[in-house]
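Student: Provided herewith is a single structure, encoded as structure tokens, for subsequent inquiry.
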């Protein structure tokens, strides 16, 4: 039974919600208890174990064709290894606001790569929706004090490369998702990414002192591993069976809105009329961009 268009977008909205909370919740774990590079390795091992366990216990076995292994390796590099390393290392060298702004480049990059690689048609409605959502997201984060300077330049560049890497991944992985089951693809993506990340992360993982963890630390870590890693990657890749990468990518624009909401909830920010209006622009842009998309 094929999922409905509405159901797919509800799940993508859930992913945006999780990612929006991720920025705040991760602060309860990193860097006080676990170095960012160390938690990347924990995420990879955990997700790889869970995806392989579910696959071998519950799913019908689906062998990967030989010609697709190279594609899997490329997707693993761009979507998992490079994506994780660039993001967390970039975030440590720039401000969260700068990082949020640079991440907004992802949907635009997805749209362009989809056009050239998948021949995905760029309709006027989709383009208008992307532009409106981008303007809303840009206004939302710009109102919080963006400061590009020499001190943040390296981090800003790394986050931009992260956005580029993830944008390429969403496009390159689409043919695989339409050929194989999502879990089958994901178990290979995470498994292949471990040898790439291991040399950069294993020392930080050995430094972790689990006896210093509080209840909040453990709960935050579970959120990062199960929801912000396993659930988000599963929904994002599965959705590519039915919608274009450009529509999937545009949900990135919800993150500044949601991140602001969580910051307000944690007492780190205040809500005002301008932020409400900018958030409405994001919603309207996403609505326009996805309006004419149909489930295959």
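In my numbering, the protein residues as written are 17 to 312.
In this text, a Cβ means the ideal position worked out from N, Cα and C, and glycines have one as well.
1. Is the beta carbon of residue 194 closer than 8 Å to that of residue 71?
2. Measure the alpha-carbon distance for residue 219 versus residue 108 and round it to whole angstroms.
3. Output the residue ranges of the beta strand (DSSP E) runs that lie fully inside the region 208-263 and measure 3 residues or longer, sorted by chain position.
4. Let me check understanding here. Comparing Cα to Cα, which of 20, 93, 260 and 58 lies closest to residue 223?
5. Going by the CB atoms, is the gap between residue 44 and residue 228 shorter than 8 Å?
6. Measure the alpha-carbon distance for residue 294 versus residue 77 and round it to whole angstroms.
7. Tell me the start and end of each unbroken alpha helix (DSSP H) in the region 38-120 that is at least 4 residues and wholly inside, in chain order.
8. Would you mind sorting residue 92 into buried or exposed? The rule is 16 or more other CB atoms within 10 Å of its CB.
9. Determine the closest residue to residue 205 out of 68, 106 and 259, with distance taken between C-alpha atoms.
10. Output the residue ranges of the alpha helix (DSSP H) runs that lie fully inside the region 165-196 and measure 4 residues or longer, sorted by chain position.
11. Express the C-alpha separation of residue 232 and residue 248 in angstroms, rounding to a whole number.
12. Quick one: measure Cβ to Cβ for residue 180 and residue 261, integer angstroms, because I've assumed they're closer than 8 Å.
Tutor: Concretely, from the data shown:
1. no
2. 18 Å
3. none
4. 58
5. No, these two residues do not count as a Cβ contact at 8 Å.
6. 47 Å
7. 52-74, 85-92, 98-107 and 112-119
8. buried
9. Among 68, 106 and 259, the Cα nearest to that of residue 205 is on 68.
10. 166-188 and 190-193
11. Straight-line spacing of the CA atoms in residue 248 and residue 232 works out to 21 Å.
12. Wrong, their Cβ atoms sit about 14 Å apart, outside the cutoff.
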